[in-house]
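Asks: Sequential numbering from 15 applies to the sequence shown in the working numbering. Each residue gets a CB set at the ideal place from its N, CA and C atoms; glycine is no exception.
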Amino acid sequence: RDFRPTKSLSHTLRERDRLFYLAHLSAYPAHHHHHHSLTAKASTMGKGRALSDGIIKKIILSYTYVAIWIFLSFTVIVYNKYILDKKLYNWPYPITLTMIHMAFCSSLAVILIKVFKIVEPVSMSRETYLRSVVPIGALYSLSLWLSNSAYIYLSVSFIQMLKALMPVAVYSIGVLLKKETFKSQTMTNMLSISFGVAIAAYGEAKFDVWGVVLQLGAVAFEATRLVLIQILLTSKGINLNPITSLYYVAPCCFAFLCVPWIFVEFPILKETSSFHFDFVVFGTNSVCAFALNLAVFLLVGKTSALTMNVAGVVKDWLLIAFSWSVIKDTVTPLNLFGYGLAFLGVGYYNHCKLQAMKAKDAQKKIQESDEEAGKLLEERRESEVSGKETQD
15 RDFRPTKSLS HTLRERDRLF YLAHLSAYPA HHHHHHSLTA KASTMGKGRA LSDGIIKKII
75 LSYTYVAIWI FLSFTVIVYN KYILDKKLYN WPYPITLTMI HMAFCSSLAV ILIKVFKIVE
135 PVSMSRETYL RSVVPIGALY SLSLWLSNSA YIYLSVSFIQ MLKALMPVAV YSIGVLLKKE
195 TFKSQTMTNM LSISFGVAIA AYGEAKFDVW GVVLQLGAVA FEATRLVLIQ ILLTSKGINL
255 NPITSLYYVA PCCFAFLCVP WIFVEFPILK ETSSFHFDFV VFGTNSVCAF ALNLAVFLLV
315 GKTSALTMNV AGVVKDWLLI AFSWSVIKDT VTPLNLFGYG LAFLGVGYYN HCKLQAMKAK
375 DAQKKIQESD EEAGKLLEER RESEVSGKET QD
């Protein structure tokens, strides 16, 4: 997933008001300003109402996107758990499941791009594809394989707690690959997250070593993939949205998954031959997986990266609650305490990242607004000059 920070709403509105004001000044020079003040007041009142309506609309829209994303992400996780769990649907073939997803997603992406032309595919040379997309596909397939396998051994709630280690992994791998600079403050923050997760794991009722190893492996691969996307694609100026990234990555991912599948699951499936393809279950599951990718695309495009982070946190708590109340997984007080600690760490880390982003944004804004003001002054001077000429 690539995050693109969008301009904060209030800022754009402030900017707009300022420009209105400047335009207003240049339109009505001071000496006959009083004639216009009444009409101006009336019109700004109307404008204010329209403005607030627009804002409300935007807020409602972004909340809708967030809700859709939470719902889909939630559904995919619980659905995968349902299919793979021995007590539920009892179909413990994570590689095959991931391959069905990939086949479905890549074919849909190809249809969307080639037939409906919804988004333009990024032009990519063969060399770039081999150098950038293939390693990302490999990591993605590993991460999906491991995380789907973990559902067989661990409860949904505990998996969510382990996933709180994501920023730790991303940061550590970023430092290793020289993408992030090492700061002791950030490292302390990361350690506190890890400590929280360790407590949560210690308090876990159904602790399964193999499951934990799988999930941690998945987190590590996923983190490496995220850092590599930054290094291999973003830094080269290739920005893939989720549809184009599925279009490029999913087929490659499918190919990589074939290797373990042939050795690990294909023989078992052939022997048990209990494989009657349940179209309803796998069809709806794949549709959910694809819709989730689309929702991520919409959410990052229409709201900010921070919204996404906060939404992710809400989703994690919801999943833990759901896992506890509906699936009847045991969630111990120690679990919650540890996860709470980790959660504070993650929250603080996101807060720091946002501050840094805001500072960067502010710098850019100052430059932009200076240029704007300069342009307005120029225009005003020109209009005054031309006005004088006509009077003469």
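Three or more C-beta pairs closer than 8 Å, one from the segment 71-84 and one from the segment 325-336: is that the case here?
Replies: Taking 8 Å as the limit for Cβ pairs, the verdict is that the segment 325-336 does touch the segment 71-84.
Asks: Reducing DSSP to helix, strand and coil, say where Val-273 ends up.
Replies: Walking along the sequence shown from the start, residue 273 turns up at place 259. Note: Val-273 maps to helix in three-state DSSP.
Asks: By a C-beta neighbour count over all protein chains shown, 10 Å radius and 16 as the cutoff for buried, is Gln-229 buried or exposed?
Replies: Locating residue 229 in the sequence shown gives position 215, counting from the first residue. Buried, because 16 or more other Cβ atoms sit within 10 Å of the Cβ of Gln-229.
Asks: Helix, strand or coil for Ile-243, going by three-state DSSP, please let me know.
Replies: Locating residue 243 in the sequence shown gives position 229, where the first residue counts as 1. Helix.
Asks: Quick check on DSSP: helix, strand or coil for Tyr-353?
Replies: Translated into the one-based positions of the sequence shown, residue 353 becomes position 339. Correct three-state label for Tyr-353: helix.
Asks: Tell me whether Glu-194 sits in a helix, a strand or coil according to DSSP, three-state version.
Replies: Stepping through the sequence shown from its first residue, residue 194 is reached at position 180. DSSP places Glu-194 in coil when its eight states are reduced to three.
Asks: So, at 7 Å on beta carbons, what are the nonlocal neighbours of Val-90 in its own chain, with the 5 sequence-adjacent residues on each side left out?
Replies: Taking the first residue of the sequence shown as 1, we reach residue 90 at position 76. Closer than 7 Å at the Cβ level, and outside the excluded window around Val-90, lie Cys-302, Ala-303, Leu-306.
Asks: With a threshold of 8 Å on Cβ separation, who are the neighbours of Lys-100 within its own chain once the five nearest residues in sequence on each side are excluded?
Replies: If you number the sequence shown from 1, residue 100 lands on position 86. Excluding positions up to five away in sequence, the list reads Pro-106, Ile-166.
Asks: Report yes or no: do three or more beta-carbon pairs, one from the segment 217-226 and one from the segment 103-122, lie closer than 8 Å?
Replies: They do not touch, by the three-pair rule.
Asks: Check Ala-54 in the structure and name its three-state DSSP category.
Replies: Along the sequence shown, read from residue 1 onward, the residue named residue 54 stands at position 40. Unreliable placement is indicated for Ala-54, whose pLDDT of 49 sits below 50; no coordinate value is reported for it.
Asks: Quick one: using the 10 Å Cβ neighbour count with 16 as the cut-off for buried, is Phe-357 buried or exposed?
Replies: Here residue 357 refers to the residue found at position 343 of the sequence shown. The residue is buried, with at least 16 neighbouring Cβ atoms inside 10 Å.
Asks: Run through DSSP, which three-state label would Ser-87 get?
Replies: Residue 87 sits at position 73 when you count from the first residue of the sequence shown. Residue state, collapsed to three classes: helix.
Asks: So for Leu-313, helix, strand or coil by DSSP?
Replies: Locating residue 313 in the sequence shown gives position 299, counting from the first residue. Leu-313: helix per DSSP, three-state reduction.
Asks: Would you mind sorting Phe-270 into buried or exposed? The rule is 16 or more other CB atoms within 10 Å of its CB.
Replies: Along the sequence shown, one-based indexing puts residue 270 at 256. Answer is buried; the Cβ neighbour count reaches 16.
Asks: May I ask you to report which of helix, strand or coil DSSP gives Leu-102?
Replies: Here residue 102 is taken as the residue at index 88 of the sequence shown, counted from 1. Three-state DSSP puts Leu-102 in coil, outside helix and strand.
Asks: What would DSSP say about Tyr-143, mapped onto helix, strand or coil?
Replies: As a first step, residue 143 is located in the sequence shown; it is residue number 129 there, counting from the start. Three-state DSSP puts Tyr-143 in a helix.
Asks: Output needed for Tyr-96: all residues of its chain with C-beta closer than 8 Å, excluding positions within five of it in sequence on either side, in chain order.
Replies: The sequence position of residue 96 within the sequence shown is 82, counting from 1. Excluding sequence neighbours, Tyr-96 sits near Leu-102, Tyr-103.
Asks: Of all the alpha helix (DSSP H) runs that stay within the bounds of the segment 318-400, which reach a length of 4 or more residues?
Replies: Whole alpha helix (DSSP H) segments, 4+ residues: 319-339.
Asks: Which residue comes first and which comes last in the alpha helix (DSSP H) that contains Lys-250?
Replies: Within the sequence shown, residue 250 is the residue found at index 236, counting from 1. Where Lys-250 is concerned, there is no enclosing alpha helix (DSSP H), given that its DSSP letter is neither H nor E.
Asks: Quick check: the Cα distance between Ser-157 and Pro-149, rounded to an integer number of angstroms?
Replies: For the purposes of this step, residue 157 is taken as the residue at position 143 of the sequence shown. For the purposes of this step, residue 149 is taken as the residue at position 135 of the sequence shown. Cα to Cα, Ser-157 sits roughly 12 Å from Pro-149.
Asks: Of the residues Phe-196, Val-233, Lys-128, which one's Cα is nearest the Cα of Ser-163?
Replies: The residue you call residue 163 lines up with position 149 of the sequence shown. Measuring from the Cα of Ser-163, the nearest candidate turns out to be Val-233.
Asks: Which residue marks the beginning of the alpha helix (DSSP H) containing Ser-109, and which one marks its end?
Replies: Translated into positions along the sequence shown, residue 109 becomes position 95. Note that residue 109 is Ile in the sequence shown, not Ser. That run of the alpha helix (DSSP H) goes 108-124.
Asks: Which residue comes first and which comes last in the alpha helix (DSSP H) that contains Asn-162?
Replies: Indexing the sequence shown from 1 puts residue 162 at position 148. First-last of the alpha helix (DSSP H) with Asn-162: 148-167.
Asks: Taking only the alpha-carbon atoms, compute the straight-line gap between Leu-39 and Ser-66 and give it to the nearest angstrom.
Replies: As a first step, residue 39 must be located in the sequence shown, where it is residue number 25. As a first step, residue 66 must be located in the sequence shown, where it is residue number 52. Interpretation of Leu-39 is limited by its pLDDT of 45, a score under 50 that renders its predicted location unreliable; the figure taken from the coordinates is listed afterwards. So the two alpha carbons sit approximately 24 Å from each other.
Asks: Which term fits Ile-109, buried or exposed, when burial requires 16 or more other beta carbons within 10 angstroms of its beta carbon?
Replies: As a first step, residue 109 is located in the sequence shown; it is residue number 95 there, counting from the start. That one is buried.
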